[in-house]
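Residue numbers (full-length UniProt numbering): 1 to 1218.
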Amino acid sequence: MDAAHKYYSRLDLVYGIWTTAIVGGRSTSDIQRTTNTVAGVSLGIAVLQFIMSTVFFCCFAIASSRMTDRLRRAYLSSVVHQDAEFFEKVGPGEVGTRMIKDIASVRAAVGEKLSILISSLSTLIVAIIMAFSRAPRLAGVVFSIIPFSLILFTVVGQLSSKAEARLLTVDGQAGTLLEQILSSVRVVQSFAAEAFLAKKYDAYLQRLQKLAKWRSLVRGIELGVANCVTSLIYSLTFWYGSKLVVGESLEVGLMFTIFYNMFNALFSLVNILPHILAIKDSAAISAQLLKDIERVPTIDVCRTDGAKLWDDEKINANIELRNVTFSYPSRPDHKSLVGVDMVLEGGKVTALVGASGSGKSTIAALLMRYYDPSSGQLLLTGHDTRSLNLAWLRSQISVVSQEPQLFTASIFENIAYGLTGTPYELPSDPSEAQLQDARNRVEWALKQAQAWDFVCSLPEGMDSRVSGARTGVLSGGQRQRIAAARALVRRPRILLLDEGTSALDSETEQRLMKAIHKEQEETGMTTILIAHRLSSIQNADRIIAMSNGKVVEQGTYQELMALGGVFSALVKHQTSAAQPVGQEPKSSENQDTIPATSFTLPQLVKSRPDSDASTVAVPPEALESGDAGEAKTPGSLSRRFIRLLSRYSFWIMGGVVGGMAIGASFPIAAWLIGFVMQTFSIQDDDSRLLREARKWSLWFLILALINVGTSFVAGFFLSAGADRIDRRLKLVSLVSLLKQEIGYFDKEENASGALTAAVASHANNVAAAIGLVWQQLITATANFLGSVILGLVLSWKLTLLGISPVPFIIVAAYYNIVFIEKYEREAQKPLEEASAFASENVDAIKTVAALGREEAIMQQFDKSASKHAAKSRNLAIGALGFGVGIGSILLLSAIVMWWGTALLIRGHITLSQLYSSFEAIVIAGYSAGRMFTFIPDWARMIRGFRSVCEWEDRHPDVAVLKSTKLMTTEPRTLEKVEGELVFTSCTLKYASRPKPAVCDVSLTIKAGQSVAFCGPSGGGKSSIISMISRFYDPTTGTIFLDGQDIRSIPLDEYRSYLALVSQDAVLYEGTFRENLTLGETSVTQDQLERACRDASILEFIQSLPEGFDTSVGFKGSQMSGGQRQRICIARALLRNPKILLLDEATSALDAESEQSVKLALEQASKGRTTISIAHRFSTIQGADVIHVVEEGRIVESGSHAELLTLNGRYLDLIRSQL
């Protein structure tokens, strides 16, 4: 393009020669001969322009793609190697946004915008050289405008950069919140928190919009200055040029050469203005990216120094803490550990117990070197861990946490990740022998972790894929067993179980602990247990009890029981297993059920095996004639886009009017040039020539002043309108996604990271096109139409032939936009996958660090990127279209010069008509060509808006919500809710698993009754809760609430009767108050404190600097699992639901907290239906009815006492905890 645009300046010289021949009074034959030569040269340059433009387009597109691929890789590599302190401020949503939206902006700037900037600068430089070499005095006066323009642009640009930097910060925070929301859709939907969280997200978008108004103001000023300067060129050239023509006999043609030089240069400057803005924006983005890329973490896993204490020999790894004190960086005033001294003996099992928040998990974080002690030392076999090689240290430790993080991959791959850093690590391209060896090791680990049986029951066994998000169909216990297998497969020197068995039933836990003890005896492995379920630590060699960040007791189980202190008190809370009571049990055969035959045929549900949903189901006929019938046809994409624009008609129409006014100024200038040319053809009256020249120069000055106002209006109004559209599209995208069924998020392509990036990029593509591109397109369109009309009025013969290349331009535009959009679509998919991949790994960054998978992640990223390269064929066809469009402009010029001269010689047009028509036609062609520079932006806008519409139009398979407006109020279907639930022959089958998760379950849960489900993990308990919550509908069968099919009740109304506390404690960015109330404004301070007191979390919150108004941080990562869980319990109690669902709600609590929360839950259960899932039988023994669930079926039912006397499966489970 650099070479191509130099030809424009050479054409300026050609035009000058042609003008001299026509105006200079030469003979007709000389004029015709000169015109033929000039037209031939222009035609040759058109061919060269076509070739150069095509080559330039391809080269810059490929170069920008490769450069941003490297930038994306460098950014991800830096992020995954950062320390925990970095992720206290940067979340996965922000990383996903940076990976796709921000780097895509850099790609557009480097590929499209920078290329145009370079070509235009080339035009400017060549024009200056030619002008000063031919007429230095005129060139010097006219070009004096450029420094003035640059000073203005520099000042305004500085203001723009500052505004952009603030925008990027808030945009990153908005992205992080968005990722948090989309990664916890179950919680969002179960608490009907869509409105609150959408408002919270919109608050960030509103902040962005307010910050963006300064950017809009700056853009309006820049555009006004640029277009004003362009019009000043006319005025100054003709005024001063007339003096030189009269006083120094300057050739008129030479004057016009200087004019064309200057006009071409400044026209290019106006043309690149939006590209300069995009480049400046991308420079600010690049600065932030480079800041993160160049950040060297305090705890740097990339450092290769540090000691490696042993290679592969068997050794007892003694761990010692000496006077360790620690505070998290974001809460320096709150000490999590205070002067801790303890020894964890090598080759032994040491258990850490104590109330949640006592500092147990903090010790685990220090051992993994996520953080270093604020003071004191942590020693491994006598060596300070800070002196050890970090990668080696982490390779010696395996961790299983309470909330295990899996990755989107097969079960085999997830467990094989545990081999990272060992001699058995799988290379990126393993041999058959290496693969088989790894599979053998994974099979062994699965058997040790008691996961082999359930894995074998999956459709593809070890090769079955699981979701990295928390939305998959695996139960918490199954995920925890896979995590345990991943920890065991590397046969570590140190095994750290941080509530690593909390989601397991007692029998499975016992078998797993037996396998761990056997492994410890064989290998000398040091085992550290952090547990609240004290039955799992009875056989520990040493138990250390902690409280408030200090060690209060230590010894063996028997010693501490004999001591009668803190540990003994904890144990007593968990040793109250009920004694048998002589009551008749209820077996599963005679439980209280309603037979399926008591319902009419329309009430039954037929299976739909070909469904695309994660569960296979259809809504009942009542829904088919109800909500589904109300769905409206969305209309065509163009009509919807017009409706969107009409919402912001003030801003859009203001910008459109301003843009049309700018566009109209150029045909007016072309019309005036005809009179100017007529003026300079005056031969014998110098005073008249000067007088006429001053008159027309004054008109051009007036035009310049008008352009200031119209340009400002166009730039400011369209940019402000675009910011509002960006806000709306992002909000509509989030609201539309939140109405989807849970199965939608189970799909790999709809991972939270991918959706977060897609929401940001699609809205940004639409807004960027409207804010920057539309002003140019509107101006170019007005230029084109106005110029064509002017040309037809002045000389229809010249204009019709002159615009004959326009069909070529239109066809070229079609092929360009179609194939470039294909190329963009192909390029976008790997970008979204890369963003999802990055977000998933950042969300699990502690797991990544623990596994030492930083380099393996980069290898996986590189392998995925290489498989998804966009096809260059589409790019090449699009580039050909671009070249044809650009070359056609010069072809048009050659035609106009040749045919216009012929018409002039024949007397069909005047000199004034020739030049006005010539200028009009060239401006029309040039304007058509300018549109091509924005075709990629247009393609991205179409694709972005279509994606948002697809989200908005998609009807969830579980239920169709009536509106995407979250705050609409609908009349309630049920006047009064008692809370009775009836299951009739309910079967639930996940599409990804051949075996039903729930099989033909029929039961009645009476209003106000407390019902519990227990049994082995993976047995179907959580699936029953999921059906009650309507995350999935039964494949066959029906669930009734107070006699009404729950699918006939509007989903938002139905869920308002429920409150769910799940295994995964989900907190959002914001304060404790916001996380507890989730936007409910009617909650009083007394109610808030009462709920927190009942959940045993009030004292902790009040100890914080700002109490309830203290920020919880990113996902509450600096609180213990128990503290997070108690906040979630308090949140559920505040909701005062008719049906309370507790899915392992107390699994993360210590015994004392569990007892107090259990009492609170028992109190809260009065007057409402309570449904619990628990592996700790102490928490469910007071339930009215307990159902034992195995392999998707209810095998026993009755009260605690009844089931004990039954001497069946329930008693076996009870005994496994004693």
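Glycine residues also receive a C-beta, built at the ideal position from the N, C-alpha and C atoms.
Buried/exposed call for Leu124, threshold 16 Cβ in 10 Å: buried
Rounded separation between Ala1130 and Leu1088 - CA only: 8 Å
Among Leu1161, Leu1213, Val1185, Ser1120, nearest to Ala365 - alpha-carbon criterion: Ser1120
Within 10 Å of its beta-carbon, does Phe712 have 16 or more other beta-carbons around it, so buried, or fewer, so exposed? buried
With distances taken between CB atoms, is the gap from Pro1034 to Thr987 smaller than 8 Å? yes
Under the three-state DSSP convention, the category Arg215 falls into: helix
DSSP puts His762 in a beta bridge; with which residues? Per DSSP, none; premise fails for His762.
Please state whether the Cβ-Cβ distance between Ala193 and Gly1113 is less than 8 Å. no
Inspect the beta-carbon positions of Glu345 and Asp541 and report whether they are closer than 8 Å. yes
DSSP state of Glu179, grouped into three classes? helix
Closest to Gln478 by C-alpha separation, out of Ser77, Gly524, Gln405, would be which residue? Gln405
Please state whether DSSP places Thr968 in a helix, a strand or coil. In this prediction, Thr968 has a pLDDT of 43, which is less than 50 and means its spatial position is unreliable; what the coordinates show is noted afterwards. Coil.
Close-in-space but distant-in-sequence residues of the same chain around Thr756 (CB under 8 Å, 5 per side omitted): Pro92, Gly93, Gly96, Thr97, Gly175, Leu178, Glu179, Leu182, Ser835, Ser839
So what's Val1066 in DSSP terms, helix, strand or just coil? coil
Suppose you measure from the CA of Tyr1210 to the CA of Ala483; what does that come to, to the nearest Å? 27 Å
Within 10 angstroms of the Cβ of Glu1202, are there 16 or more other Cβ atoms? Answer buried if so, exposed if not. buried
Going by beta carbon distance, what residues of the same chain come within less than 7 Å of Ala449, once the five residues before and after it are set aside? Arg481, Ala484, Ala485, Leu488, Leu512
Please list the terminal residues of the continuous beta strand (DSSP E) segment that includes Asn1075. Element bounds for Asn1075: not the beta strand (DSSP E) but the alpha helix (DSSP H), 1072-1077.
Contact belief for Lys280 with Ser160 at Cβ below 8 Å, rounded distance in angstroms: 6 Å
In the DSSP output, which residue or residues are listed as bridge partners for His383? Leu380
Closest to Leu637 by CA distance: which of Ala284, Ala165, Met941 is it? Met941
Identity of the residue in Pro492, Phe132, Ile411 nearest Asp311 by Cα: Pro492
Go to Lys695, then tell me how far its alpha helix (DSSP H) extends in each direction, as first and last residue. 686-738
Same chain, Cβ closer than 7 Å to Gln538, neighbours up to 5 away in sequence not counted: Tyr557
Can you check DSSP and say which residues form a bridge with Gln554? Ile544
Measure how close the beta-carbons of Ile1139 and Leu1204 come, nearest whole angstrom, since I'm counting them as under 8 Å. Wrong, their Cβ atoms sit about 27 Å apart, outside the cutoff.
So if DSSP puts Ser1172 in a beta bridge, which residue, or which two residues, is it bridged to? Ala1012, Leu1142
Please report the Cβ distance between Leu496 and Val399, rounded to the nearest whole angstrom; I am assuming they are in contact, meaning their Cβ atoms lie under 8 Å. 5 Å
What is the DSSP secondary structure of Leu1206, counted as helix, strand or coil? helix
Cβ pair Ile1101, Phe1072 closer than 8 Å: yes
Residue closest to Val1188, alpha-carbon to alpha-carbon, out of Ile1180, Ser1197, Gly1182: Ser1197
CB contact flag (Ser893, Gly674, <8 Å): no
Inter-stretch contact at 8 Å, needing at least 3 Cβ pairs: the stretch 78-89 / the stretch 147-158: no
DSSP state of Glu1190, grouped into three classes? strand
Take the Cβ of Ser864 as the centre, count every other Cβ of all protein chains shown within 10 Å, and call the residue buried at 16 or more, exposed below. exposed
Looking only at its chain, what residues have a beta carbon closer than 7 Å to the beta carbon of Thr19, apart from the 5 residues adjacent to it on each side? Val252, Gly253, Phe256
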